[in-house]
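Note sheet for the following structure.
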Amino acid sequence: MDSTVISDLLVGGILRGGMYVLMAMGLSLVFGVMRIPNFAHGEFYMLGAYFSYFACTLGGFPPAIAIVLAGIGGFVCGALMEKVTFYPLRKRSRGDWIMNSFLVTAGLSFILQNLAQALVGTDFKGVPQYWGGSINFAGLSVSTDRIVGFLIAMASVAIFWLFLKKTRTGNAIRAVSEHETGAMLMGIELNKIHTLTFALSSMLAAIAGAALLSIIPAYPTMGLQPLYKSWFVVILVGLGNIQATIIGGFLVGVIEAVSSFSLGAMWQDVVSLSIIILVLLVKPTGLFGKKMKV
Amino acid sequence: MISEKSLETGFVKNLKHNLGNFGLSPVAIGLFVLLGFAPYLIGDEYILRLLVISLLFGTLAMGFDLSAGYIDVANWGYAGLMGLGAYTSALLLTNLGISPWIGTLAGAFMAAIFGLLIGVLTLKMDGMFAAILAWFIGLILMALTTSLTGLTRGALGLNVDLYFNTGWSKPYFYVIFVICIVTYIVLRRVTNSNLGLAFSALGQDAEAARTCGVDPMKYKVINFTISCFVAGLCGGFYAHFMGILTPDIMSTKHTVEVLVIAYIGGRRSIWGPLLAAFLVVPVFEYLNFLMEFKYVIYGLLLILVMIFYPGGIAHFYNYIVGIFNEKKRKLTGPESNPFA
Amino acid sequence: MLLKTEGVEKRFGGLVAVKDVSITVNKGEIFGLIGPNGAGKTTFLNCISGFYKPEKGKITFKEQEITGLSPTQLCHKGIARTFQIVRSFPKLSALDNVKVAVVYGGKQHKNPEKHAKELMDFVGFNAAKDVLADNLNTMQLKRLELARALATNSELLLLDEVAAGLTPSELPDFIDLIRRIRDSGVTIICIEHVMKFIMGVCDRIAVLNFGAKIAEGAVEEILNNPEVMKAYLGEENVH
Ligand SMILES: Nc1ncnc2c1ncn2[C@@H]1O[C@H](COP(=O)(O)OP(=O)(O)O)[C@@H](O)[C@H]1O
Ligand SMILES: [Mg+2]
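Residue numbers (the working numbering), protein chains in the order written: chain B, 1 to 294; chain G, 1001 to 1340; chain Z, 2001 to 2239.
So, in structure tokens, the structure goes:
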């Protein structure tokens, strides 16, 4: 391997990884705060892509606005779904929360996917380009859309991170993920936090889908790949550990870039999975995971 | 005369007890017998085919319930393992000319061996981790089947010879009927035995189970392996019943279909999922004209069951029986002991 | 001597939950473990029963080192336990809850069901035996858990606050039960807060404070120990 190939792989891996970070962060957050293993996370990515597509084509908005609108759309859909499904589920739940909520998300995923198929059809809905052109970067020519998409992802991650760390609401979310009863005793309204958390997580996924629209067009089942990729990340680093998903996302991105270059695209999942299984065998809680309280 | 009568009731009681060991209540036997005559009672090929598919899904759902209901591991790679069984049997037949009957069994064992490996790798972890890792493995099986076009012809699909020289459903009905009954009896028997006790204990409180001396890995892996065997067995039948295989058989949506049936039927009962298949499969077949909206309904149903009645049909039945027994207890309680 | 721990230490990240604890428990004893909340009592018990692996130290049971064995292995060696917050198999009947332990506890029984029923009677389980554990109240669950622990043919029984939440009127009955369990040949280590219970049943007690053992000895001796008073009541109240 000469050095351009290496830098090529590295850049490709990091660009990919940025999206995984964005996706995985929301997934990890929802599990950390609400104990929901979200199977419908990819569907919000799909929604984001469609939102952006319609904002661009029907609405005629410029790309940046379209992506913001998609994010807002994801937020609203997420909030709605939380209120309609998880809220009553939590009210009525008598044990088995993780499994039951998992199945509810599976149901959501089924519904969203097939609604999209019924309403918009199965064909690809994409835009040829957002900004177009390419940028020379470390001796490589990378398309502007990729770079900007990556920057959007990083900006969203950074803003989200600051929100969690610096704002009152962000602190409340983290408090709930640390200790639910404790947070409740401190006067935090759990219901609001849950809705907000799910909405934010959906928003991040929607932004990811929207930012990539010119590279990956929208179609009903497009959420599957990002879904299991982000699960790769989250399981690799440890569930509920939001900070570590940043490292994990890039790690998985690079691993995939390397394995698909050296073994072919069909092997990249096999390689990622084998690595995850090896990691879990040595460290069942993931690379950076804490042991959950007994 | 009195002794004769008590002899008879003794015999009946004994028989009932023995059958009970196989999980066969009189009602269950009655339904099975009735079902056995179905091909003679129903002339309509379309309905018969629907029954075959219901039996197939019912058997799959029973196998799924063994893991999901008892050790609390919903196997998200279930469709992948079913596909593995199907492809194993089909490839043995097309490449080596091995009889589909042996192939079906070989497919089941293949799925079981895979299940054993997956179990050893993943069941150390929480049920949900195991579920998700099993899902990854299912996805990889599907990716491999799609990519290894030299062997499987990928998405083009593999033509598979049928069990019989006919496309009529009647003989296939009896094949899946036997598979279903055997699966039902074995699973009921296993779950009513001490093995089932260990499964339940592990699924309901793994820590308490460990303090009771139950070895968690051993029994979870046994459970998972049996469940995967059933998936592989059904896969083999599917291959030689349908006559064509595509990697789509391994897709997650089929796992979800089985899962919806299993959960509507009710976890931890075995019979509930089987019964539910006969309700859900025909209804959704009937709803085919709705196209994608059919799956929307599937999703809605799953969510509604989870929110409002996560126990499913089996739980509802137990609830009714509970009320009935309570009444009986109240009625007969003082009577049976007049001096109390 | 039945159980001996030597310099057991267990950490959670930076927190040393159990620090250099050595105790010796003799066969046939009821050994009390007391100390303020958060002193590390439950953690110490978890080390003995195999739920945690201590970072340092050695645990010996019947002259055999058992440090780091799994709960399942320890159960088969004869160590049983109850949990501070009662645990059961909610969707199994009360009888099946106990039967699990009879069947898998390490000793073969000809008629596990009968044995389980006898144990349930022994601990005074008064609800119907075919009721789902889900429908039992805490008191019934406590007795059920005791039956389950005994069902594994234990020689050493670790009890974590079994008397907590009992009303004064229920207490004598329970004290009597613990004594009967001991008389049937089971050695007991119990974590307890209820003074009447400690004075009623314990032969010897050890006191933990901030993870460390600060005293060990006969009951009256310990309860009059100024350092123990200090740990419980805070410095200023002693004088
Ligand atoms: N799994 C755990 N992870 C982190 N800290 C723990 C864990 N279990 C217990 N602790 C901490 O260890 C200390 C001792 O707890 P514990 O043994 O439960 O005390 P006790 O039973 O004496 O009340 C406490 O400060 C508690 O917060
Ligand atoms: Mg404690």
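Virtual Cβ for every residue (Gly too), placed ideally from N, Cα, C.
These numbers were taken from a predicted model, which means no experiment stands behind them.
### Message
For ligand 2, I want to know if Lys-192/B counts as a neighbour, meaning its beta carbon is within less than 7 Å of at least one of the ligand's heavy atoms.
### Response
Flag unset: Cβ of Lys-192/B not near ligand 2.
### Task
Mind listing the chain G neighbours of Pro-2090/Z? Cutoff is C-beta to C-beta under 9 Å, in chain order.
Gln-1204 and Asp-1205
### Query
Tell me which same chain residues have a C-beta within less than 6 Å of the C-beta of Met-1001/G, skipping the five on either side of it?
Residue confidence for Met-1001/G is low, a pLDDT of 43 falling below 50, so the modelled location carries little weight; the figure read from the coordinates is stated next. Taken in chain order, the list of residues that qualify is empty.
### Message
Quick check: does the Cβ of Asn-2137/Z come within less than 7 Å of any heavy atom belonging to ligand 1?
### Response
no
### Query
Which word fits Tyr-20/B, buried or exposed, when buried means at least 16 other C-beta atoms lie within 10 angstroms of its C-beta?
buried
#### Entry: Neighbour-count burial assignment, Trp-231/B, 16 or more Cβ in a 10 Å radius
buried
### Task
Mind listing which residues have their beta carbon within less than 7 Å of any non-hydrogen atom of ligand 2? Chain order is fine.
Going by the Cβ distance cut-off, the answer is Lys-2041/Z, Thr-2042/Z, Gln-2084/Z, Asp-2160/Z, Glu-2161/Z and Ile-2191/Z.
### Query
Is Leu-2015/Z near ligand 1, with its Cβ less than 7 Å from a heavy atom?
If you check the C-beta of Leu-2015/Z against ligand 1, you find a heavy atom less than 7 Å away.
### Query
Using a beta-carbon distance cut-off of less than 8 Å, what residues from the segment 252 to 276 of chain B approach chain G?
Met-266, Asp-269, Val-270, Leu-273 and Ile-276
### Message
Does the distance between the C-beta of Phe-2012/Z and the nearest non-hydrogen atom of ligand 1 fall short of 7 Å?
### Response
yes
### Message
Quick check: the Cα distance between Phe-1293/G and Asn-114/B, rounded to an integer number of angstroms?
### Response
Each residue's Cα considered, the two are about 7 Å apart.
### Task
Report the residues of the segment 1052 to 1073 of chain G with a CB closer than 7 Å to any CB of chain B, ordered along the chain.
Against chain B - using a Cβ distance shorter than 7 Å - the residues of the segment 1052 to 1073 of chain G are Asp-1072.
### Query
chain Z partners of Leu-1197/G, CB-CB under 7 Å?
Neighbours of Leu-1197/G in chain Z, taken as residues whose beta carbon is under 7 Å from its own, are Asp-2096, Lys-2099, Val-2100 and Val-2103 in chain order.
### Query
How many angstroms separate the CA atom of Ile-173/B from the CA atom of Met-203/B?
16 Å
### Query
Applying the criterion that 16 or more other CB atoms from any shown protein chain within 10 Å of the CB defines a buried residue, is Thr-2082/Z buried or exposed?
buried
#### Entry: When Ile-6/B, Ser-260/B, Ala-210/B and Val-33/B are compared against Asp-145/B, the one with the closest alpha-carbon
Ala-210/B
### Query
With distances taken from CA atoms, which of Arg-1188/G, Leu-1156/G and Ser-1200/G is nearest Thr-1246/G?
Leu-1156/G
### Query
Which class does Leu-1148/G belong to by DSSP, given the choice of helix, strand or coil?
coil
### Message
Could you check whether the Cβ of Arg-2247/Z sits closer than 8 Å to any Cβ belonging to chain G?
### Response
Any property of residue 2247/Z remains undetermined from this structure, which presents chain Z solely from 2001 to 2239.
### Query
Between the C-alpha atoms of Gly-1266/G and Ser-2049/Z, what's the straight-line distance to the nearest angstrom?
36 Å
### Task
Buried or exposed for Ala-1340/G, please, with buried defined as at least 16 other CB atoms from any protein chain shown within 10 angstroms of its CB.
Unreliable placement is indicated for Ala-1340/G, whose pLDDT of 33 sits below 50; the coordinate value is still reported in the next sentence. It is exposed - the Cβ of Ala-1340/G has fewer than 16 other Cβ atoms within 10 Å.
### Contacting positions in the segment 2147 to 2177 of chain Z - beta carbon closer than 7 Å to chain G
Arg-2148 and Thr-2152
### Query
By the criterion of Cβ-Cβ separation under 8 Å, what are the contact partners of Ser-1147/G in chain B?
Met-266
### Query
In chain order, which continuous runs of the alpha helix (DSSP H) of length 4 or greater are located wholly inside the segment 2127 to 2206 of chain Z?
2138 to 2151, 2171 to 2183 and 2195 to 2201
### Query
Can you tell me where the beta strand (DSSP E) with Ala-106/B in it begins and where it stops?
Taken as a continuous stretch (DSSP letters only), Ala-106/B belongs to no beta strand (DSSP E), being part of the alpha helix (DSSP H) at 97 to 120.
### Task
Could you tell me whether the Cβ of Leu-1121/G comes closer than 8 Å to any Cβ of chain B?
yes
### Query
For the beta strand (DSSP E) that Asp-2020/Z lies in, which residues bound it at each end?
2015 to 2025
### Query
Buried or exposed: which applies to Lys-1220/G, given that a residue is buried once 16 or more other Cβ atoms fall within 10 Å of its Cβ?
buried
### Query
Does the distance from the CB of Val-2103/Z to the CB of Pro-2112/Z come in under 8 Å?
yes
### Query
Is the Cβ of Gly-107/B closer than 8 Å to any Cβ of chain G?
yes
### Query
With contact counted as at least three CB pairs below 8 Å, one residue from each stretch, are the segment 1105 to 1116 of chain G and the segment 1078 to 1093 of chain G in contact?
yes
### Message
At a threshold of 7 Å, does Asn-1075/G count as lining ligand 1 (C-beta to nearest heavy atom)?
### Response
no
### Query
By Cβ distance below 6 Å, which residues in the same chain neighbour Gly-170/B in space, the five residues on each side in sequence not counted?
Phe-163 and Leu-164
#### Entry: Interface residues of the segment 1285 to 1307 of chain G facing chain B [CB-CB below 7 Å]
Met-1291, Glu-1292, Phe-1293, Tyr-1295, Val-1296, Tyr-1298, Gly-1299, Leu-1300, Leu-1302, Ile-1303, Met-1306 and Ile-1307
### Task
Sort out for me which residues DSSP pairs Leu-2033/Z with in a bridge.
Ile-2191/Z and Ala-2206/Z
#### Entry: Closest by C-alpha distance to Val-1258/G, when choosing among His-1017/G, Tyr-1078/G and Leu-1091/G
Tyr-1078/G
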